[in-house]
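Numbering (this note's numbering), first residue to last: 86 to 265.
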């Protein structure tokens, strides 16, 4: 993995004391460049010698001026059977969020991210082919629940040929709701 290729995308979106906050970062893992944005979900493998996979959500991304490190805050979601209490009266498609956030260096986070995870629980998600007009609509709907401007991040995604899965899901949900 090329840890030196971690790059923050776009300008700062906030500042508090010695912390400067950002919306996304670009990284290279196994020779493939990817972009991770705030509120994005991804598979996480906490221990390389274990088959345990959970879901991570990027909640904050910032530079600490004191340590000059890029840090990330994650929320982790586990299957009930992977908790000390185990599966009890949980729904069959349920995941449980741990109450504490995980804060770690982005370089360490990249080692946790796994692309080839096998997730056989819950309902299967469906992806749709990219429509020709989805570029404009997808951007409009992708982060409509946020007051942050993600235009710069979406432009960078296009240069990598990535499409934001969250944007597609929101777009389809809105389309389905308007048809009902």
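The C-beta atom is built at its ideal place from N, Cα and C for all residues, glycine as well.
Whole-angstrom Cβ separation of residue i and residue j, contact assumed at under 8 Å?
i, j, result
"residue 138", "residue 199", "7 Å"
"residue 97", "residue 151", "In fact, because the Cβ distance is near 16 Å, the residues do not count as touching under 8 Å."
"residue 160", "residue 166", "Residue 160 to residue 166, Cβ: 19 Å. No contact."
"residue 111", "residue 94", "6 Å"
"residue 181", "residue 163", "5 Å"
"residue 108", "residue 191", "The Cβ separation is near 13 Å, so there is no contact."
What are the boundary residues of the alpha helix (DSSP H) that residue i is part of?
i, result
"residue 194", "191 to 197"
"residue 113", "Not the alpha helix (DSSP H): residue 113 falls in the beta strand (DSSP E), residues 109 to 114."
"residue 245", "236 to 245"
Relative to the alpha-carbon of residue i, which residue among the options has its alpha-carbon at the smallest distance?
i, options, result
"residue 141", "124, 99, 111, 153", "124"
"residue 153", "173, 160, 105, 136", "105"
"residue 197", "149, 90, 128", "128"
"residue 121", "162, 92, 186", "92"
"residue 201", "107, 115, 145, 148", "115"
"residue 130", "195, 237, 244, 190", "195"
"residue 148", "101, 136, 174, 238", "101"
"residue 132", "170, 193, 99", "193"
"residue 145", "244, 237, 233", "233"
"residue 113", "99, 168, 170, 90", "90"
"residue 143", "183, 237, 242, 187", "187"
First and last residue of the beta strand (DSSP E) that includes residue i?
i, result
"residue 168", "No beta strand (DSSP E) holds residue 168; DSSP gives it neither H nor E."
"residue 121", "117 to 122"
"residue 149", "139 to 149"
"residue 161", "154 to 163"
"residue 99", "99 to 101"
"residue 129", "126 to 129"
For residue i, decide whether its Cβ has a neighbour in chain E, counting only Cβ atoms nearer than 8 Å.
i, result
"residue 161", "Here chain E cannot be found, since the structure has a single protein chain."
May I ask you to check if the CB of residue i is nearer than 7 Å to at least one heavy atom of the ligand FAD?
i, result
"residue 164", "This structure lacks the ligand FAD, and indeed carries no ligand of any kind."
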